[in-house]
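The block underneath contains the structure these notes are about, expressed in structure tokens.
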Amino acid sequence: MVGFIDDQRGKHGVEPICRVLPIAPSTYYDHLAKRADPARLSDRARRDAVLRPEIERVFEENWRVYGVRKVWRQLDREGFDVARCTVARLMKGMRVSDLLCMIDPVHASTKGSMHDDLQGTSGRTS
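The sequence shown runs 1 to 126 under UniProt numbering.
Below is the structure:
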């Protein structure tokens, strides 16, 4: 949304755009100030900025197959003190996941297997 305001503010101005969009002008200006001066970022945002490239590096070095747990363990081995849920949150935000999460659910079904033969039965074979 901030990018859109940046693109359109020359034509329409920030305040008129913000009146139409669900964003306060102060939020837009605060975002610009944080972009210009990273010291204004929260501790969490600064920590995330440090961890994102490390998570990406570990993920890429391991052929893009490591999931959250293995990336977290590798970061711990390398001396990064970070919670597993933090690694999970960042990987989700970066759209980085292991290959098993990318399986197409249409092809991962049991359609055409012997499960189709058991529908409607109580589970007994006799």
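Idealized CB from N, CA, C, for every residue including glycine.
Pair within 8 Å by beta-carbon distance, residue i and residue j
i: VAL82; j: LEU51; result: yes
i: PRO25; j: VAL14; result: yes
Option nearest residue i by Cα separation, candidates the options
i: ILE55; options: GLY93, ALA39 and SER26; result: GLY93
i: TRP63; options: ASP6, SER26, SER97 and ASP7; result: SER97
i: ASP6; options: LEU32, ALA24 and PRO22; result: LEU32
i: ALA88; options: THR27, PRO22 and PHE59; result: PHE59
Segment limits, alpha helix (DSSP H) that includes residue i
i: SER26; result: 25 to 36
i: residue 158; result: As displayed, the chain neither begins before 1 nor continues past 126, which places residue 158 out of reach and without an answer.
i: residue 131; result: Limits of the chain in this structure are 1 at one end and 126 at the other, which puts residue 131 out of reach.
i: TRP72; result: 68 to 77
i: ASP48; result: 43 to 61
Exposed unless 16 or more other CB atoms sit within 10 angstroms - verdict on residue i
i: VAL2; result: exposed
i: CYS85; result: exposed
i: VAL65; result: exposed
i: TYR28; result: buried
Beta-carbon separation (whole angstroms), residue i vs residue j, contact threshold 8 Å
i: ASP43; j: LEU90; result: Not confirmed; about 15 Å, so no contact.
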